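For the sequence shown, UniProt numbering begins at 1 and goes up steadily by one.
Beta carbons: idealized from backbone N, C-alpha and C, even for Gly.
Remember, it's a predicted structure, so these values are computed and weren't measured experimentally.
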Amino acid sequence: MAEEEVEVLRSIYGDELIVEKDFADNTSPIVLSMKMRPTLLKSQCTASIQTIIELPVQYPKISPKVYLRQQRGIDESNVNILQKNIEQYIGTNIDMPILYDIFQIVQKFVETEQDFPCSVCPICLDGFSAKTIAFCTSNCDHYIHQNCFVRYINYTKDEIKRELNEWPEDMKSRVDQVLKCPVCRTPLNGQDLSIVDHASVTLDEANIDIEKFEFNWDEWRAKLKELQPIFERQKAKGGLIDPEKERNRYLIIDDIMDLTHPSSI
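Encoded structure:
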């Protein structure tokens, strides 16, 4: 029965649906995966979730397991709500063919999130709204404020130029000149970078009224408290670079006192 239901899903979703099965092992589960996006795209930046459904051999008598991965433009709290809704639906429909329904639950969820991402910009840590222009990387689907993305690319280009000027001619090839996503370091393609030239023309920082700007200290302190455990974890694993420590790593000091033969006073 599971194979028949999977074939129906293939006919509906086509190549978007990925089916994995070890046919040499009859006890291995069938795994379905698909990136769920809104059916009608209002803009380039749309929410998406990689939905993975694992079917046990005894499906539908034994309920499938659903995993939500690589959510883009949706914060973790909303994903947890979606996960609970799916689990509740599965619990009330035991021994029923529900694979299409599961995909549709995720589909309807992402369609409600498509106006603008509800996550935060990874560069400025500020949220998105209908007033801000969001940019989405094409290879890895990470959401960034367009203005922040333009500044990030320009800053990175300047840093590459600086490094090239510091290295001798025969060693310039060692400088990494690939522009990468600020979140996952995936190389950016021409489509991603084309927005920089266009946006740099229309980017007008003078439109920002500094006098009307009010910094939300309570929100900043809450975000700082939220990120502190991540900071401590990265620090414990050596993931943070101490500039002063790195600067003195290979520092050789000539004036070293020989403690094994102290001089008499």
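Query                                                                                                                                                       : Result
Relative to the alpha-carbon of Val110, which residue among Lys35, Asp170, Ser63 has its alpha-carbon at the smallest distance?                             : Lys35
Which class does Pro168 belong to by DSSP, given the choice of helix, strand or coil?                                                                       : coil
Which whole-angstrom value describes the C-beta separation of Val178 and Val150, a residue pair presumed to lie in contact below a C-beta threshold of 8 Å? : Not confirmed; about 18 Å, so no contact.
If you pair each beta-carbon of the segment 97 to 108 with each one of the segment 157 to 175, do three or more pairs fall below 8 Å?                       : no
By the 10 Å Cβ neighbour count, where 16 or more other Cβ atoms means buried, how is Ile210 classified, buried or exposed?                                  : At Ile210 the pLDDT is 47, less than 50, meaning the model places this residue with poor confidence and gives no usable figure here.
Is any beta-carbon of chain C found at less than 8 Å from that of Phe128?                                                                                   : Absent from the structure is chain C; it holds one protein chain and no more.
Is it a yes or a no for the segment 46 to 56 touching the segment 25 to 32, going by three-plus beta-carbon pairs under 8 Å?                                : yes
In this structure, how does DSSP classify Gly238 when only helix, strand and coil are distinguished?                                                        : coil
From this set, Asp141, Asp218, Phe215, which residue's C-alpha is nearest Thr186's C-alpha?                                                                 : Asp141
Please state whether the Cβ-Cβ distance between Tyr143 and Arg72 is less than 8 Å.                                                                          : yes
From what residue to what residue does the beta strand (DSSP E) around Ser48 run?                                                                           : 48 to 55
Are Ile102 and Ile86 closer than 8 Å when you measure CB to CB?                                                                                             : yes
Please determine, among Gln107, Ile105, Cys148, the residue with the shortest C-alpha to C-alpha distance to Pro122.                                        : Cys148
Give the straight-line distance between the Cα atoms of Asp218 and Gln88, rounded to the nearest whole angstrom.                                            : 36 Å
Buried or exposed: Tyr155, going by 16 or more other Cβ atoms within 10 Å of its Cβ?                                                                        : exposed
Name the DSSP beta bridge partners of Ser63, please?                                                                                                        : Bridge partners of Ser63: none, in fact.
Determine the direct distance from the alpha carbon of Asn216 to that of Val120, and round the result to whole angstroms.                                   : 15 Å
Could you tell me which of Pro38, Ile49, Pro64, Gln50 sits nearest to Glu5, measuring between CA atoms?                                                     : Pro64
Going by DSSP, what residues sit across from Gly91 in a beta bridge?                                                                                        : BP columns for Gly91 are empty, so no partner.
Can you look up Cys148 in the DSSP assignment and give me helix, strand or coil?                                                                            : helix
Given this structure, state the Cα-to-Cα distance separating Ser77 from Lys84, to the nearest angstrom.                                                     : 11 Å
Please look up how many angstroms separate the CB atoms of Leu188 and Lys180, rounded, as I've assumed it's under 8 Å.                                      : 6 Å
Within the continuous alpha helix (DSSP H) that includes Ile105, where are the two ends?                                                                    : 99 to 111
Below 8 Å between beta carbons: does that hold for Val106 and Ile49?                                                                                        : yes
Identify the residues that DSSP records as bridge partners of Met36: which are they?                                                                        : Ile49
At the level of alpha carbons, what is the spacing between Asp15 and Val66?                                                                                 : 20 Å
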